[in-house]
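Trainee: One structure, as structure tokens, below. Some questions next.
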Amino acid sequence: MKKILVLTTDDFINPEEVQQQFFKGKLKYGDLMKEERECTHIIFNGKYIKNRTGNLDEKPSL
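Residue numbering for the sequence shown follows the working numbering, starting at -12 and increasing by one per position.
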């Protein structure tokens, strides 16, 4: 089963820092590192950030 995490800058306490380095961000609600470990794909502001294997060429099939 795939778990896709979709985020925007509005989901973060520090949106300016997130624009420069995504994984330094702090979510308003929840823990980014915990969410990142549990999901198979991350989409941020409409752009594909990661999948579990780290292969960015492999886009999720929704």
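For each residue, glycine too, the CB sits at the ideal point set by N, CA and C.
Within 10 angstroms of the Cβ of G12, are there 16 or more other Cβ atoms? Answer buried if so, exposed if not.
Mentor: The count along the sequence shown starts at 1 and reaches residue 12 at position 25. So G12 counts as buried.
Trainee: What's the C-alpha gap between E23 and F9?
Mentor: Taking the first residue of the sequence shown as position 1, residue 23 is located at position 36. Taking the first residue of the sequence shown as position 1, residue 9 is located at position 22. Cα-Cα distance, rounded: 11 Å.
Trainee: Under the DSSP definition of a beta bridge, which residues are partnered with Y16?
Mentor: In the sequence shown, counting from the first residue as 1, residue 16 sits at position 29. Note: Y16 sits in no beta bridge, so no partner.
Trainee: Going along the chain, which residues of its own chain have a beta-carbon closer than 7 Å to the beta-carbon of E25, five neighbours each way excluded?
Mentor: Here residue 25 is taken as the residue at index 38 of the sequence shown, counted from 1. If we look at E25 and ignore the five residues flanking it on each side, its Cβ neighbours are K(-10).
Trainee: Taking the alpha-carbon positions, what's the Y35 to T(-4) distance?
Mentor: Position 48 of the sequence shown, counted from the start, is the residue given in the question as residue 35. Position 9 of the sequence shown, counted from the start, is the residue given in the question as residue -4. Between Y35 and T(-4), the C-alpha separation is close to 14 Å.
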